[in-house]
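Contents: one structure, followed by commentary.
Protein chains: 4
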Amino acid sequence: MLCRVGCEFIYEAPAPTPAIAQVFVRPDGDHRIVAERRGLEPEAAFREFCDGFGNRVGRFVVPEGTFTLRYDALVEVSGEPDPVVPEAPQTPVEELPDEALRFVLPSRYCQSDRLLSVAWDLFGETEPGWARVQAVCDWVHDNLTFMHGSVGLADAVEVYLQRRGVCRDFAHLAVTFCRALNIPARYGFGYMGDIGVPPMDAPMDFHAWFEVFLGERWYTFDCHHNTPRIGRIFVGRGRDAVDVAMLTTFGAAALQRMTVWADEVPEGTTLDD
Amino acid sequence: MLCRVGCEFIYEAPAPTPAIAQVFVRPDGDHRIVAERRGLEPEAAFREFCDGFGNRVGRFVVPEGTFTLRYDALVEVSGEPDPVVPEAPQTPVEELPDEALRFVLPSRYCQSDRLLSVAWDLFGETEPGWARVQAVCDWVHDNLTFMHGSVGLADAVEVYLQRRGVCRDFAHLAVTFCRALNIPARYGFGYMGDIGVPPMDAPMDFHAWFEVFLGERWYTFDCHHNTPRIGRIFVGRGRDAVDVAMLTTFGAAALQRMTVWADEVPEGTTLDD
Amino acid sequence: MLCRVGCEFIYEAPAPTPAIAQVFVRPDGDHRIVAERRGLEPEAAFREFCDGFGNRVGRFVVPEGTFTLRYDALVEVSGEPDPVVPEAPQTPVEELPDEALRFVLPSRYCQSDRLLSVAWDLFGETEPGWARVQAVCDWVHDNLTFMHGSVGLADAVEVYLQRRGVCRDFAHLAVTFCRALNIPARYGFGYMGDIGVPPMDAPMDFHAWFEVFLGERWYTFDCHHNTPRIGRIFVGRGRDAVDVAMLTTFGAAALQRMTVWADEVPEGTTLDD
Amino acid sequence: MLCRVGCEFIYEAPAPTPAIAQVFVRPDGDHRIVAERRGLEPEAAFREFCDGFGNRVGRFVVPEGTFTLRYDALVEVSGEPDPVVPEAPQTPVEELPDEALRFVLPSRYCQSDRLLSVAWDLFGETEPGWARVQAVCDWVHDNLTFMHGSVGLADAVEVYLQRRGVCRDFAHLAVTFCRALNIPARYGFGYMGDIGVPPMDAPMDFHAWFEVFLGERWYTFDCHHNTPRIGRIFVGRGRDAVDVAMLTTFGAAALQRMTVWADEVPEGTTLDD
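Residue numbers (our numbering), protein chains in the order written: chain A, 1457 to 1729; chain B, 1457 to 1729; chain C, 1457 to 1729; chain D, 1457 to 1729.
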């Protein structure tokens, strides 16, 4: 199945402003990048590197005036929904791979140390492993109200107390609960269209979800939708939204408009179509 | 100059408990490990890996009953105090090395996003570069009260409001201010004896400090002592104390006693002395 | 000078909902109530009492369906701006009247205990008394950005860190600083039109300000406008916005629309005009 | 039954320091003050007033040097334990007495607005009225760990997250849950010996508990002991510990030692015994 994904950001800057973008499809994963194109207007120096989580990070300086960053990609996806493996067991801490260990630790937005007692109260009686993670997802899905356009980055404690947020907040809270329960959990971020589901009632946006380590691999969960989905395309993974910040500017550049797309397209589509 | 550093932890565990230790001298740095020895009693499986920050991390399972972890090392240090380079310039964000970028981002205990305005209020008028970092150090040193034995891990916002803490808290607050000012800052942790200074009035303990990236390299600052010191031996580096947690147990093992040593010893000393 | 002030609230309730309103002009103060009228539609039981701060509090039950609460008043005001008395001295704590003491204590939104060090950092060098309070006002006025329609009740610590808010938040932060400096400060809330100043660029709303005890009386300060104003009409006083909550519903009634007015009117105007 | 209660505070002050004490037995309540005596050494001016909650508040200035405040009282108590009235119904908000309304609002340490969802999650299924309050008590008693000598005043959100504290923190959390459930709750503070129970394993101290309004009156609950007790003697009531602060000093006086007593004594005992 072929998807076309991408985004366009328009900035207005009173002075040159260093910036970082994390909007590029990851080179690894279940998807395959067929073609991609990046445009900066006016043209500007641009450099990409791979961070410690394997994410592609773009570095550039927003020039004075109006500036557009555009990214467009064709990506082949499997057409299969997120795997559901109810028998996936919880991995004892001592058997976790070394690189999974950092994902049981607290982070800026996922202060699992502070929600430790709450997590055990809510999920201590559930079956360890897949069922426990699904219980976390169900709780977050059932108890949080999705609020489009809520401003401000709330941390998981605030999200837990206020019970509302956007998909990022849903993911942060679920990640936090999992870590408190000694299940490695990492934040996922990327493109996801409404393939196989009714169209959304809101402009397309980036989406956030999370992954947990069970048995011997990572599995994707999405407590906002709380149902396996098709066409999830990773841009970034990390401890939380700090590690996959979409766009960061170090100075006065103001984002004027942001457009995101993620659609299934006919086989044979090219970036010039 | 030769130093002998190490520690001993005695646990009491009602059941086998997975654990992680970060107490081993880093293989890199200005120091050189002459000899080291690790003891577990009773003997237990132990495995070491190197995390994403280059820290040595030990993994083991505390067995039921009484358990002792002991680490002892002879380390050659330069005998030179921390470098002081007042002319070290601030590096513009767009010229920072890729791997320094993550150290301008907020973390669990260093929420630089939340202290952004405070940092600019306090230090916005100082000269960028070395002088600005020194101003941060001076402020933290002058405004915080050192409190031995204060319990609980406070984040930088709490430390700023309450104006007290241990060396870890001093470092967290300074790191937070530097990041808010777009200066990469990382948390440092390790052994440091009282070489060249009056002996401490408290039992030897691990020590925490921080590093900033200025010009083209990292420099060490220590706002607890706020003076260049000799014999700083790194165990770990990271975003904050989450990344260098000394000891983490996943379960009910209780630490009964902890002893730390860090002393200058005569050349020729061996671990058997 | 005659002012007409009042408000109208339209609710939609799925079930009868107990409610409390604090929108009625205080009987005391520099103003004089010439006439007032209250309307509930459909008619409903309504009872008024005077709380421990001398505020008028209305109690009623919002019936199922659509409900309107309307309050309309003609109030004679002096036409004089808020007094400015630069020589007003700070009253030593031991000489404060008993009833002023509770206004040096922290409250829900004004946690003066948490901003104690910050307050002394910022204002410890200013001249005690009027000049110190004016310095607080100037700082709050200069450092906070007014944001219409920001949702959520932030406490003074958050307001200090985030540096933005509505007039309530401005008042909370100033009150908090004053209390930290041992100056009794109370939150004020009421009607205030744009008499003698350019018309506002936003729909009329309630306004919040604060009072401090200096010398032997209370003085009004307004760090949002930060200039003496004419026609300030008190609805409520209290420790903070908890004590003067405008409207509180204990259940599912939803506020559909709120209209507020506060205008100078010709002498001789009646409520039927 | 006759009790002797009182306390002694020894201060060391580098300069005269205004102070407030709330340690005097309330004139109202189920107890009766038989005799009381207050001593200040060296002698100092002292004035008492009654605050808005009916608490006795003493005002004085701690002189430079060493200063002792001593209070000693003989109090007749009923000998009956706290009433248990399981059939006491929850009072609908619209029927609450006016003066009870302020005790459903949030306060400095009891931010019932922030724990609203948590309270309904935990207690929403319980029977309204006495059973609901008892469920709150049971939960707090069962889930919090008593920690003598924990420093710092934590608010109810912190207490809920950290699950530990002293009797004040137990009371704050229970008060907060009750208010979130629309049950008026106020903080109580005073003397309580170990009458009819095994002697405590710690020096006698003041004790904190809380009261709720059910049916047509206030009832006492104590989620630290979580059992009806004999000989509870009120010093103060209020929204939370801010309103009954035991001792507040406005300046540099340092408390050197505090002694508290609360014992049953033979009938006929006098203060000179």
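Glycine included, every Cβ here is placed at the ideal spot set by N, Cα and C.
Assuming residue i contacts residue j under a Cβ cut-off of 8 Å, what Cβ separation, rounded to an integer in Å, is found between them?
i       : j       : result
C:I1639 : C:V1700 : Between C:V1700 and C:I1639 the Cβ distance is about 20 Å, and since that is not below 8 Å, they are no contact.
B:F1480 : B:R1512 : 4 Å
D:A1708 : D:T1547 : Not confirmed; about 46 Å, so no contact.
D:R1693 : D:Y1647 : Actually they are not in contact, since the Cβ atoms of D:R1693 and D:Y1647 sit about 14 Å apart, beyond 8 Å.
A:I1689 : A:V1540 : In fact, because the Cβ distance is near 19 Å, the residues do not count as touching under 8 Å.
C:G1508 : D:G1508 : 5 Å
A:E1723 : A:G1687 : The pair is not a contact, with the Cβ atoms about 14 Å apart (cut-off 8 Å).
B:Y1565 : B:A1697 : 6 Å
A:P1684 : A:P1483 : A:P1684 to A:P1483, Cβ: 24 Å. No contact.
A:V1613 : A:R1570 : 5 Å
Is residue i helix, strand or coil by DSSP?
i       : result
B:L1561 : coil
B:D1598 : helix
B:C1459 : strand
A:Q1590 : helix
D:Q1478 : coil
D:F1509 : coil
C:R1503 : strand
A:E1543 : coil
B:D1625 : helix
A:F1662 : coil
A:L1525 : strand
C:T1737 : No statement about residue 1737 of chain C is possible, as the shown extent of chain C runs from 1457 to 1729 and does not include it.
B:V1613 : helix
A:F1579 : helix
B:E1532 : strand
A:T1705 : strand
D:D1554 : helix
B:T1632 : helix
I'd like the list of long-range same chain contacts for residue i, defined as Cβ closer than 6 Å, with 5 residues on each side in sequence excluded.
i       : result
A:E1468 : T1522, A1710, Q1712
A:C1679 : C1593, V1596, H1597, F1626, A1630
C:P1542 : W1586
C:T1705 : T1473, A1475
B:H1663 : C1623, M1648
A:D1528 : G1462, R1493, L1727
D:R1460 : L1530, D1719, V1721
Residues in its own chain within less than 8 Å of residue i by CB, not counting five upstream and five downstream?
i       : result
D:L1572 : A1636
D:F1502 : R1494, L1496, G1514, R1515, F1516
A:L1552 : V1560, P1640, F1669
B:P1519 : A1469, P1472, P1498, A1500
D:T1524 : E1464, F1465, I1466, Y1467, G1495, L1496, E1497
Under the rule that 16 or more other beta-carbon atoms within 10 Å means buried, what is residue i, buried or exposed?
i       : result
B:H1604 : exposed
A:V1653 : exposed
A:W1665 : buried
B:R1673 : exposed
B:V1470 : Note on identity: in this sequence residue 1470 of chain B is Pro, with Val being the wrong assignment. Exposed, since its Cβ has fewer than 16 Cβ neighbours within 10 Å.
D:A1491 : exposed
D:C1634 : buried
C:E1667 : buried
D:M1656 : exposed
D:T1715 : exposed
B:P1562 : buried
B:C1506 : exposed
A:D1729 : exposed
D:E1555 : exposed
D:R1761 : Only positions 1457 to 1729 of chain D appear in this structure, which leaves residue 1761 of chain D out of reach.
Quick one: residues in its chain with C-beta nearer than 7 Å to the C-beta of residue i, no 5 flanking neighbours on either side, listed in chain order?
i       : result
B:A1544 : G1585, W1586, L1670, G1671, Y1675
B:T1601 : R1619, R1620
D:A1575 : F1633, A1636, L1637
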